[in-house]
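Participant: Here the sequence shown is numbered in my numbering, starting from 32 and rising by one per residue.
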Amino acid sequence: RGTAEQLGALGQAFSRPMADDADFQTIWKAITPLYFHNYNPAVGEAMDARTSYSAAAWNQVNANCLPVFNVLAQLGQVNVPTLIISGIDDWITPLKQGGERIHAALPNSELIVFDKSGHWPFIEEQEKFVQVVGDWLARLG
Numbered sequence: 032r033g034t035a036e037q038l039g040a041l042g043q044a045f046s047r048p049m050a051d052d053a054d055f056q057t058i059w060k061a062i063t064p065l066y067f068h069n070y071n072p073a074v075g076e077a078m079d080a081r082t083s084y085s086a087a088a089w090n091q092v093n094a095n096c097l098p099v100f101n102v103l104a105q106l107g108q109v110n111v112p113t114l115i116i117s118g119i120d121d122w123i124t125p126l127k128q129g130g131e132r133i134h135a136a137l138p139n140s141e142l143i144v145f146d147k148s149g150h151w152p153f154i155e156e157q158e159k160f161v162q163v164v165g166d167w168l169a170r171l172g
């Protein structure tokens, strides 16, 4: 999946600190299409225009948070209704390793899979997303 440029940028994104905000922006823009089921360049440009890139924040998260963050064992302690939303074409959090594992570990959860989305169903299937979340909230009363 992905072009040689995207895969190269992906390797850099998770394997080295970003030199500065511009470096982070360049890398992120290269890998953004991978997060979509059906990438729309206009949507990508709009996202980029609204994003504040912080190499310092990314470097902190990438070095200290992502490698150790795992709350799967604690999910059974969550005692509230939970809606889990997954995109079928999410490469970074695939359904089996992401949404399905979370759903199995969370009592009182509901998993909704968006079949025309990658990592961001709220962008790719906006109307369905709003409907699903609205219906779920309405059922909660």
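Built from N, CA and C at the ideal position, the CB exists for glycine as well.
Just so we're clear, the structure is a prediction, and the values are computed from it rather than from any experiment.
1. Between G39, C96, I154 and F100, which has its C-alpha nearest P72's C-alpha?
2. Alpha carbon to alpha carbon, how far is N93 from D52? Give it in angstroms, no decimals.
3. Unbroken alpha helix (DSSP H) runs of length 4 or more, entirely within the segment 71-136: which are they?
4. By Cβ distance below 7 Å, which residues in the same chain neighbour V74 in space, the five residues on each side in sequence not counted?
5. I need the straight-line Cα distance from D54 to F45, nearest angstrom please.
6. Should the segment 78-96 be regarded as contacting the segment 57-66, the criterion being three or more beta carbon pairs within less than 8 Å?
7. In chain order, what residues of the same chain have a beta carbon less than 7 Å from the beta carbon of Y70, not counting five sequence neighbours either side?
Facilitator: On the basis of the data shown:
1. Measuring from the Cα of P72, the nearest candidate turns out to be I154.
2. Distance from the CA atom of D52 to the CA atom of N93, rounded to whole angstroms, is 15 Å.
3. The qualifying runs are 72-81, 86-91 and 130-136.
4. Cβ-Cβ distances below 7 Å link V74 to I154 in the same chain, with the five nearest sequence neighbours on each side left out; the list follows chain order.
5. Spanning the two alpha carbons is a distance of roughly 13 Å.
6. Segments in contact, yes.
7. The answer, listed in chain order, is P64.
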